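*Asks:* I'd like to ask some things about the structure below.
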Amino acid sequence: MKIKKKLAISESGFVFDPQSGESFSLNETGTEILNMMKEGKSDVEIRNHFLETYDVDESVFDRAFLDFTSMLKFYHIYDENE
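My numbering applies: residue 1 is where the sequence shown begins, and numbers increase by one.
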């Protein structure tokens with residue numbers, strides 16, 4: 001999934017989409033995932049990072065990641081042209 005290049009993400013998790021004018025806030029985990037996506041990391045790379053770095057069950061992460069990416073699609077945070 002490719003995130004919009006012009007998307008602004010602050011360290012505190014504030015996200016602003018200059019194309020739509022919409023903004024929202026993320027928790028630390030969401031901010032880390034979104035930044036990794038913006039850096040071009042694949043879903044597998046992100047999954048592996050979280051499983052190696054944090055004490056999280058694989059199935060729990062997979063469900064949460066699917067929910068998060070579904071939210072990104074719903075709010076059109078990804079770039080369909082990428």
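Backbone N, C-alpha and C define an ideal beta-carbon position, used for all residues, glycine too. All figures in this text were calculated on a predicted structure; none of them were measured in a lab.
Which same chain residues end up closer than 7 angstroms to F50 when comparing Cβ atoms and leaving out the 5 residues on each side of it in sequence?
*Replies:* For F50, same chain residues with a beta-carbon under 7 angstroms away, outside a window of 5 residues either side, are V56, F61 in chain order.
*Asks:* Roughly how many angstroms separate the alpha carbons of S20 and S42, rounded to a whole number?
*Replies:* 25 angstroms
*Asks:* Compute the Euclidean distance between the alpha carbons of Y78 and E45, then round it to the nearest angstrom.
*Replies:* 18 angstroms
*Asks:* Is any heavy atom of the ligand SAH found at a distance shorter than 7 angstroms from the C-beta of H76?
*Replies:* Ligands are entirely absent from the displayed structure, and the ligand SAH is therefore not among its contents.
*Asks:* Which partner residues of Y78 appear in the DSSP bridge assignment?
*Replies:* I3
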